[in-house]
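One line per chain: the protein sequences are A and B, in this order. Under the numbering used here, the letters of the first sequence match residues 41 to 377, in that order. Under the numbering used here, the letters of the second sequence match residues 41 to 377, in that order.
2 protein chains.
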Amino acid sequence: MTDTIALSLDEVRDFARRVLVRLGLSERQTAAVIETIVAGERDECGAHGIYRLLNCAQTISAGKVAVDAAPVLHDMAPALARVDGDRGYAQYAFEIGKPALIAKARACGIAALGLNNCVHFAALWPEVEALAREGLVAFAFTPSHAWVAPAGGTSPLFGTNPLAFGWPRPGEHPFVFDFATSAVARGEIELHRRAGKTIPLGWALDPEGQPTTDPAAGLAGAMLTFGGHKGSALSAMIELIAGPLIGDMTSAESLADDEGTRSSPRGGELIIAINPAGFLGASAEDNIARAEQVFDAIVGQGARLPSQRRYDARARSIAHGVKVSRTLYEDIAAYLD
Amino acid sequence: MTDTIALSLDEVRDFARRVLVRLGLSERQTAAVIETIVAGERDECGAHGIYRLLNCAQTISAGKVAVDAAPVLHDMAPALARVDGDRGYAQYAFEIGKPALIAKARACGIAALGLNNCVHFAALWPEVEALAREGLVAFAFTPSHAWVAPAGGTSPLFGTNPLAFGWPRPGEHPFVFDFATSAVARGEIELHRRAGKTIPLGWALDPEGQPTTDPAAGLAGAMLTFGGHKGSALSAMIELIAGPLIGDMTSAESLADDEGTRSSPRGGELIIAINPAGFLGASAEDNIARAEQVFDAIVGQGARLPSQRRYDARARSIAHGVKVSRTLYEDIAAYLD
Numbered sequence: 041m042t043d044t045i046a047l048s049l050d051e052v053r054d055f056a057r058r059v060l061v062r063l064g065l066s067e068r069q070t071a072a073v074i075e076t077i078v079a080g081e082r083d084e085c086g087a088h089g090i091y092r093l094l095n096c097a098q099t100i101s102a103g104k105v106a107v108d109a110a111p112v113l114h115d116m117a118p119a120l121a122r123v124d125g126d127r128g129y130a131q132y133a134f135e136i137g138k139p140a141l142i143a144k145a146r147a148c149g150i151a152a153l154g155l156n157n158c159v160h161f162a163a164l165w166p167e168v169e170a171l172a173r174e175g176l177v178a179f180a181f182t183p184s185h186a187w188v189a190p191a192g193g194t195s196p197l198f199g200t201n202p203l204a205f206g207w208p209r210p211g212e213h214p215f216v217f218d219f220a221t222s223a224v225a226r227g228e229i230e231l232h233r234r235a236g237k238t239i240p241l242g243w244a245l246d247p248e249g250q251p252t253t254d255p256a257a258g259l260a261g262a263m264l265t266f267g268g269h270k271g272s273a274l275s276a277m278i279e280l281i282a283g284p285l286i287g288d289m290t291s292a293e294s295l296a297d298d299e300g301t302r303s304s305p306r307g308g309e310l311i312i313a314i315n316p317a318g319f320l321g322a323s324a325e326d327n328i329a330r331a332e333q334v335f336d337a338i339v340g341q342g343a344r345l346p347s348q349r350r351y352d353a354r355a356r357s358i359a360h361g362v363k364v365s366r367t368l369y370e371d372i373a374a375y376l377d
Numbered sequence: 041m042t043d044t045i046a047l048s049l050d051e052v053r054d055f056a057r058r059v060l061v062r063l064g065l066s067e068r069q070t071a072a073v074i075e076t077i078v079a080g081e082r083d084e085c086g087a088h089g090i091y092r093l094l095n096c097a098q099t100i101s102a103g104k105v106a107v108d109a110a111p112v113l114h115d116m117a118p119a120l121a122r123v124d125g126d127r128g129y130a131q132y133a134f135e136i137g138k139p140a141l142i143a144k145a146r147a148c149g150i151a152a153l154g155l156n157n158c159v160h161f162a163a164l165w166p167e168v169e170a171l172a173r174e175g176l177v178a179f180a181f182t183p184s185h186a187w188v189a190p191a192g193g194t195s196p197l198f199g200t201n202p203l204a205f206g207w208p209r210p211g212e213h214p215f216v217f218d219f220a221t222s223a224v225a226r227g228e229i230e231l232h233r234r235a236g237k238t239i240p241l242g243w244a245l246d247p248e249g250q251p252t253t254d255p256a257a258g259l260a261g262a263m264l265t266f267g268g269h270k271g272s273a274l275s276a277m278i279e280l281i282a283g284p285l286i287g288d289m290t291s292a293e294s295l296a297d298d299e300g301t302r303s304s305p306r307g308g309e310l311i312i313a314i315n316p317a318g319f320l321g322a323s324a325e326d327n328i329a330r331a332e333q334v335f336d337a338i339v340g341q342g343a344r345l346p347s348q349r350r351y352d353a354r355a356r357s358i359a360h361g362v363k364v365s366r367t368l369y370e371d372i373a374a375y376l377d
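Put into structure tokens, the structure is as follows:
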């Protein structure tokens with residue numbers, strides 16, 4: 041017996057669907073959520089594949105996500121929309137709001153969508169990739185739980201506050217990146233703790249505010265941002281624009297709302313889309329071609345485009361399916377008993 | 041004789057005005073440009089004060105800025121405007137475009153302004169601070185000259201590509217930051233070279249693509265981004281959204297356009313403004329107050345807000361004037377002879 045199980049992407053989708061429905065999530069919400077789980081597994085982002093079903097089970101059993109959420113779209117201004125996620129998963133709220141965001145970006149040239157009162161466990165790249173495939177330039181931001189200290193400080197205040205960007209490329213996968221403004225993902229520190237490994241200096245401070253290589257002390261203390269005061273400034277920006285700007289919680293408020301249940305963070309997300317045709321009109325083709333020169337120059341000097349690894353994995357997974365850990369699969373399958 | 045000269049801010053303004061007019065810059069363009077020079081001196085950002093008049097002299101004498109530029113505003117879409125800067129300074133183009141950006145952001149909730157065909161020597165914080173003082177949340181981006189290698193690469197491709205952000209605060213100076221996505225400003229490496237000092241690893245690669253502590257080798261090779269692949273991704277984003285997206289040059293194209301004259305970079309700038317009232321309506325006051333809690337929590341743990349040093353300097357300068365290097369002042373004053 042091997043320690044992995046081979047699955048087609050349809051089998052991953054079906055497995056995730058059965059688990060979430062058994063956990064009580066509504067059919068419509070499940071349909072939105074499983075696509076990011078399939079996408080994570082497909083692109084070999086293990087932490088965002090079926091592994092996340094464990095989080096979902098935790099969050100659902102803690103009552104921290106509304107299994108029957110019915111998000112409502114609000115038209116706020118010619119170029120602004122909000123979706124009240126009704127405490128459901130953000131993927132579902134995005135599905136409700138996406139057509140309005142696209143229509144507004146095309147009509148006005150730029151538009152923004154605020155997702156409110158949502159539960160977040162997925163990466164942001166699926167959102168910006170979907171918008172880039174519609175020909176739009178897209179940005180997405182979300183706070184999380186207050187785990188990260190500002191530069192020069194010692195106490196957790198910011199979330200891991202990711203930022204994602206997507207750029208449409210004719211005939212190619214979009215240029216997409218998505219990164220946490222923390223030095224590393226919180227799960228990375230947890231993996232080091234489980235493996236009994238030390239962490240590099242620069243990832244976290246201990247509860248006394250001192251630099252630490254002990255992952256447990258780092259988890260109990262405060263994570264650090266990437267890039268020193270610059271990363272800290274970006275993290276503060278995301279805290280503001282995907283929190284108070286859209287009438288939603290800060291990472292500190294979200295952590296308090298969690299009440300120690302270790303559920304997925306609840307809060308807001310800000311997505312901005314720009315229609316290149318709005319700026320460029322007839323010169324769009326020439327300008328998109330000049331953008332390709334930037335990508336060519338990156339690849340041509342042996343560097344990698346941010347999503348290249350994911351797209352390579354995607355091609356493999358679509359052709360040959362994926363392999364998932366047998367232990368993980370069986371742990372999750374136990375929810376189906 | 042001391043090695044500094046004390047000047048009031050009005051004297052700085054008058055000095056800068058006389059120099060630029062003598063160099064041939066039109067009165068209207070001069071009026072826009074000098075305000076950022078006064079602001080730089082006032083906020084003790086020495087590199088963006090009267091020191092920049094040396095750059096202006098270089099750029100004007102090389103014929104790389106149009107002294108009689110007449111920027112033209114183009115209305116592109118309900119939430120998009122562009123200003124053709126007519127190869128004048130970006131500050132003048134921003135002045136022409138700012139009222140349209142503010143009006144569009146208020147009408148549509150979010151709006152973007154592309155400044156095209158402009159010459160850039162100033163920081164971006166004056167733009168986002170001005171918009172934040174109008175009650176808007178603001179972002180600004182610009183490429184520069186191709187001096188910076190992408191993460192994993194060895195050849196200059198990106199500019200120092202700064203990013204600025206502004207957030208309005210009732211009764212307080214706006215929350216503002218503005219940083220280069222390069223590890224340091226190019227001028228910082230130049231200062232090390234002049235002082236005969238080594239530079240830290242992580243700032244630059246030599247012409248063979250190897251890490252270097254030699255500032256001259258770093259200037260001849262490639263600068264590095266801050267924050268590894270994350271900073272590199274951000275720099276690529278800025279290259280795209282403030283270049284091809286608005287129909288303007290990449291940093292590589294701008295450097296080629298410079299023809300070795302070492303003038304200020306020519307190219308585009310993208311400015312985005314969001315009206316908080318658009319998202320928040322009646323709940324604006326409550327939400328702005330929650331943003332203040334984030335700032336309180338930063339300051340309360342002994343960390344600093346990004347612009348705090350500048351605002352402290354500003355208060356001193358407004359009360360007592362500034363001191364500038366006598367040598368620098370006399371070097372610049374020579375243009376008045």
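Note that beta-carbon positions come from the ideal geometry of N, C-alpha and C, so glycine has one too.
At a cut-off of 8 Å between C-beta atoms, Gly342 of chain A counts as an interface residue with respect to chain B. Val107 of chain A carries a coil assignment under DSSP once its states are collapsed to helix, strand and coil. With a minimum length of 3 residues, the unbroken runs of beta strand (DSSP E) contained wholly in the segment 123 to 210 of chain B fall at 150 to 159, 177 to 181, 203 to 207. Between Ile286 of chain A and chain B, the shortest Cβ-Cβ separation is below 8 Å.
Among the CB atoms of chain A, none fall inside 8 Å of the CB of Lys104 of chain B.
A distance below 8 Å between beta-carbons, with the five flanking residues on each side excluded, links Thr42 of chain B to the following residues of its chain, in chain order: Arg366. Along the segment 114 to 145 of chain A, the positions whose C-beta sits under 7 Å from a C-beta of chain B are Met116, Ala117, Pro118, Ala119, Leu120, Arg122, read in chain order. Residue state for Asp54 of chain B is assigned as helix, using DSSP reduced to three classes.
Taking a C-beta distance under 8 Å as the contact criterion, Met263 of chain A and Trp187 of chain A qualify as a contact pair. The distance from the Cβ of Arg122 of chain A to that of Asn95 of chain A is about 26 Å, inconsistent with a contact at the 8 Å cut-off.
Closest in C-alpha terms to Leu203 of chain A, from the list A:Leu113, A:Glu279, A:Leu345, comes A:Glu279.
Three or more beta-carbon pairs separated by less than 8 Å are not found between the segment 341 to 353 of chain B and the segment 198 to 214 of chain A, which leaves the two stretches without contact. Here the alpha carbon of Leu47 of chain A sits roughly 17 Å from the alpha carbon of Arg92 of chain A. Excluding the 5 residues flanking it on each side, Phe319 of chain B has same chain C-beta neighbours closer than 8 Å at Gly149, in chain order.
Not a single C-beta of chain A is nearer than 8 Å to the C-beta of Arg306 of chain B. According to DSSP, residue pairing for Arg306 of chain A in a beta bridge involves A:Val159. When Cβ-Cβ separations below 8 Å define contact, Val78 of chain B makes no contact with chain A.
Runs of the alpha helix (DSSP H) lying entirely within the segment 266 to 332 of chain B and spanning at least 4 residues, in chain order: 268 to 281, 291 to 298, 316 to 320. When Cβ-Cβ separations below 8 Å define contact, Ser184 of chain A makes no contact with chain B. Scanning its chain for C-beta atoms nearer than 7 Å, with the 5 sequence neighbours on each side dropped, one finds around Pro214 of chain A the residues Glu169, Ala172, Arg173, Gly206, Trp207, Pro208, in chain order.
Here the alpha carbons of Gly283 of chain B and Asp54 of chain A stand approximately 43 Å from one another.
Here the C-alpha atom of Gly249 of chain B lies approximately 10 Å from the C-alpha atom of Pro196 of chain B. Proximity of Cys158 of chain B to chain A, defined by a Cβ-Cβ separation below 8 Å, is not satisfied.
The segment 226 to 234 of chain A makes contact with the segment 254 to 262 of chain A; the number of CB pairs closer than 8 Å reaches 3 or more.
The beta carbon of Gly307 of chain A sits closer than 6 Å to those of Pro183, Asp288, Met289, Ser294, all from its chain and outside the five residues before and after it, given in chain order. A Cβ of chain A is located within less than 8 Å of the beta carbon of Lys270 of chain B. With a threshold of 16 other beta carbon atoms within 10 Å, Gly227 of chain B falls short and is exposed. Of all residues in the segment 191 to 212 of chain B, only Ala191, Gly192, Gly193, Thr194, Ser195, Leu197, Phe205, Trp207 come within less than 7 Å of chain A when Cβ atoms are compared, listed by chain position. A buried status is given to Thr99 of chain A, since no fewer than 16 other beta-carbon atoms sit within 10 Å of its beta-carbon. Taking the CA atoms as reference points, Tyr369 of chain B sits about 45 Å from Ala220 of chain A. Listed along the chain, the chain B residues whose CB falls inside 7 Å of the CB of Cys148 of chain A are Ala117, Pro118, Ala119, Cys148.
DSSP places Leu113 of chain B in the strand class (E or B) of the three-state scheme. For Pro305 of chain B, the closest of B:Arg62, B:Glu84, B:Tyr129 by C-alpha to C-alpha distance is B:Tyr129.
Asp254 of chain B and Thr194 of chain B have their C-alpha atoms spaced approximately 16 Å apart. Counted as a single uninterrupted DSSP element, the alpha helix (DSSP H) harbouring Val73 of chain A occupies residues 67 to 82. The beta carbon of Gly271 of chain B is closer than 6 Å to those of Thr221, Thr265 in its chain, skipping five residues each way along the sequence.
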